[in-house]
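Colleague: Have a look at the structure that comes next, please.
Numbering (the numbering used here), first residue to last: 114 to 636.
Structure below.
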């Protein structure tokens, strides 16, 4: 029976007047969701995600697939809600979820799933390591070496995410299975914390505050003291009972993106024979599989190789009557001279016989040359057909996808094709918005300057209509008193439902920390 203790806090921060974050803290199920799309839409999206996960998982311990299914169901709920309400179109949310699950052998473990840039950390042996990988623009810059993690915290486009629930009808979910190790401390948080507080400072708080509720409160205080530019949500979960922790020098917890190939299947789990090891990236390309682009290129390469083989076979057939094989890549202009049968004939051979022998030789020579020319012709036709097919496939690949950008006049334009073009295939304009740079707010300008990519023109148009925000001239003065919401398990502090969630933006409450024992899961 898994024994866990936890604490949680959600706060609107120092600048925002509403809290679009939602959280779920129930025995064995912990979720942080960071909504986006404006106050009316963002908090709805995060609340829908938390509610769906609560209904799917609470009191129904299952395997990792159950956690993944819950997140996919949440994505469908949000996408459907946005499609039926113009005021909600374009809404979405991140989600990071930690749940007690059953392993195939009947033991208990922890299942972790993530979409977006809300994070889950593991703190063990005084070391803080991120388990999840951010699905956002600045993480791509970090991965490519263009900026450092510290620079990412202050980057003007740090809020542009590349994957979220509700934006498309389907979503890729990163998922891990991890062993229950006594003494482990997990931190789930929205980007409102990590954008304000460094990993070093977070690790110090986790190391010096044994009580999970006080730990969560202190982290939120530090984020607010550093500016509190966004909503802040924190959940701290302590594992009180489980397998013995490995020795310090045996621990090798790596972020999932730090491994390649087959090694990715164990990148985020302990490399220990006594623990459960299972890591999966749901929706990503598995080892040995290929993406559509790679498949196209491989198909072209296979066809070219087949043509070369056919040409070699044809060249071998044509050269069958030659005394020596021709060097590859070269073709003799003339065949070797046939033996002159008249030289072996007696001198008494009639003129008629000599003439017939000469005609036979000429006929045979002409037949061989004709076959050789036909072989070359068919090989050339086949090669031309392959080149045309390869060109068509390459052109289709070069014209795949859509992206959005400002043109030279400052208008928002939807383009088809690769951003920088491929050879002579340049992107082409597919649509133009009446919104220009001078009519957008700063956040929308940053989104367009990032040149977001889309799978279809319809997706790009929805993004254009629903996410980009024109500037307004209305000035509203609002006085808001910030408050801190603090909860301790097993009470929930998310938006919905009322028994398990805290309504974002409502007056926060604080609950004393408590220790709970989750029900024993079934295999």
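Note that beta-carbon positions come from the ideal geometry of N, C-alpha and C, so glycine has one too.
Source: prediction; values computed, not measured.
Taking residue 571 as the reference, give the member of 517, 555, 532 with the closest Cα.
Modeller: Minimum Cα distance to residue 571 is reached at 517.
Colleague: Going by the DSSP bridge assignment, what does residue 500 pair with across the sheet?
Modeller: Note: residue 500 sits in no beta bridge, so no partner.
Colleague: Determine the closest residue to residue 339 out of 318, 308, 350, 551, with distance taken between C-alpha atoms.
Modeller: That would be 308, whose Cα lies nearest to the Cα of residue 339.
Colleague: Since residue 148 sits in a beta bridge, which residues does DSSP pair it with?
Modeller: DSSP, once it has assigned bridges, lists 206 as partnering residue 148.
Colleague: Below 7 Å CB to CB, which residues in the same chain sit around residue 532 once its five sequence neighbours on both sides are set aside?
Modeller: Around residue 532: 516, 540, 564.
Colleague: Note down, in chain order, each residue of its chain lying with its Cβ closer than 6 Å to the Cβ of residue 546, except the 5 sequence neighbours on either side.
Modeller: Same-chain partners within the cutoff: 525, 577.
Colleague: Quick check on residue 225: does DSSP put it in helix, strand or coil?
Modeller: Residue 225: strand per DSSP, three-state reduction.
Colleague: Please report how far the alpha carbon of residue 164 lies from the alpha carbon of residue 358, in whole angstroms.
Modeller: About 34 Å.
Colleague: Three or more C-beta pairs under 8 Å: does that hold for the stretch 190-209 against the stretch 137-156?
Modeller: Result yes; three or more Cβ-Cβ pairs closer than 8 Å.
Colleague: With a CB to CB cut of under 6 Å and the five nearest residues on each side skipped, what residues in its chain are close to residue 453?
Modeller: Note that residue 453 has pLDDT 40, beneath the 50 cutoff, so the model's placement of it is unreliable and no number is given.
Colleague: What does a CB cutoff of less than 8 Å around residue 558 pick up in its chain, not counting 5 residues either side in sequence?
Modeller: Excluding sequence neighbours, residue 558 sits near 550.
Colleague: From the DSSP output, in three-state form, read off residue 249 for me.
Modeller: Three-state result, residue 249: strand.
Colleague: Assuming residue 139 and residue 171 form a contact by the criterion Cβ under 8 Å, report the distance between their Cβ atoms to the nearest whole angstrom.
Modeller: About 5 Å; that satisfies the 8 Å criterion.
Colleague: Which of the three DSSP states is assigned to residue 556 in this structure?
Modeller: The answer is helix: DSSP assigns residue 556 an H, G or I state.
Colleague: Rounded to the nearest angstrom, what separates residue 303 and residue 250 at their Cα positions?
Modeller: Distance between the alpha carbons of residue 303 and residue 250 is about 16 Å.
Colleague: Can you check whether the CB of residue 305 is closer than 8 Å to the CB of residue 126?
Modeller: Yes.
Colleague: Compare the C-alpha of residue 154 against each of 167, 185, 210, 195 and name the closest.
Modeller: It is 195.
Colleague: On a Cα-Cα basis, can you pick out the residue from 220, 573, 336 that is closest to residue 292?
Modeller: Nearest of 220, 573, 336 to residue 292, Cα basis: 220.
Colleague: Pick from 583, 310, 282, 183: whose alpha carbon is nearest that of residue 166?
Modeller: Considering only alpha carbons, the answer is 183.
Colleague: Quick check on the burial criterion: 16 or more other C-beta atoms within 10 angstroms. Buried or exposed for residue 236?
Modeller: With 16 or more other Cβ atoms within 10 Å, it is buried.
Colleague: Pop quiz: residue 143 and residue 234 are said to be a contact at Cβ under 8 Å. What is the actual Cβ separation, rounded to whole angstroms?
Modeller: About 13 Å; that fails the 8 Å criterion.
Colleague: Please return the same chain residues whose Cβ sits closer than 7 Å to the Cβ of residue 129, not counting the five positions on each side in sequence.
Modeller: Result list for residue 129: 343, 344, in chain order.
Colleague: Give, in chain order, every unbroken run of the alpha helix (DSSP H) that is at least 4 residues long and sits entirely within the stretch 291-352.
Modeller: Listed in chain order, the complete alpha helix (DSSP H) runs (minimum 4 residues) inside the stretch 291-352 are 304-307, 312-321, 325-338.
Colleague: On the three-state DSSP scale, how would you describe residue 259?
Modeller: Three-state result, residue 259: coil.
Colleague: Ignore the nearest five residues each way along the sequence and tell me which others in residue 327's own chain have a CB closer than 6 Å to its CB.
Modeller: Correct list: empty, nothing qualifies.
Colleague: Comparing C-alpha positions only, which one of 318, 277, 257 sits nearest to residue 158?
Modeller: When each option's Cα is compared against that of residue 158, the closest is 277.
Colleague: CB residue 232 to CB residue 209, shorter than 8 Å?
Modeller: In this structure, residue 209 lies closer than 8 Å to residue 232 by Cβ.
Colleague: Using a Cβ-Cβ cut-off of 7 Å (strictly less than) and excluding sequence neighbours within five positions of residue 95, which residues of its own chain qualify?
Modeller: Residue 95 lies beyond the residue range present for the chain, which begins at 114 and ends at 636; the question has no answer from this structure.
Colleague: Could you give the distance in angstroms between the alpha-carbon of residue 317 and the alpha-carbon of residue 553?
Modeller: If you take the alpha carbons of residue 317 and residue 553, they lie about 41 Å apart.
Colleague: Just the C-alpha distance for residue 506 and residue 500, rounded to the nearest angstrom, thanks.
Modeller: Looking at the two C-alpha atoms, the distance is approximately 10 Å.
Colleague: For residue 142, which of helix, strand or coil comes out of DSSP?
Modeller: Strand, per DSSP.
Colleague: Which residues in the same chain have their Cβ closer than 8 Å to the Cβ of residue 319, if we skip the five residues on either side of it in sequence?
Modeller: Within the same chain, residue 319 has close Cβ partners 236, 241, 298, 300, 328, 349.
Colleague: Over the uninterrupted alpha helix (DSSP H) stretch that includes residue 575, give me the two end residues.
Modeller: Counting along the chain, the alpha helix (DSSP H) containing residue 575 begins and ends at 570-579.
Colleague: Which full runs of the beta strand (DSSP E) of 3+ residues lie inside the stretch 518-546, going along the chain?
Modeller: List check, beta strand (DSSP E) in window: 524-529.
Colleague: Measuring only the C-alpha atoms, how far is residue 548 from residue 273?
Modeller: Roughly 20 Å separates the two Cα atoms.
Colleague: Assuming residue 637 contacts residue 145 (C-beta within less than 8 Å), just tell me the rounded distance between them.
Modeller: With the chain covering only 114 through 636, there is no way to say anything about residue 637.
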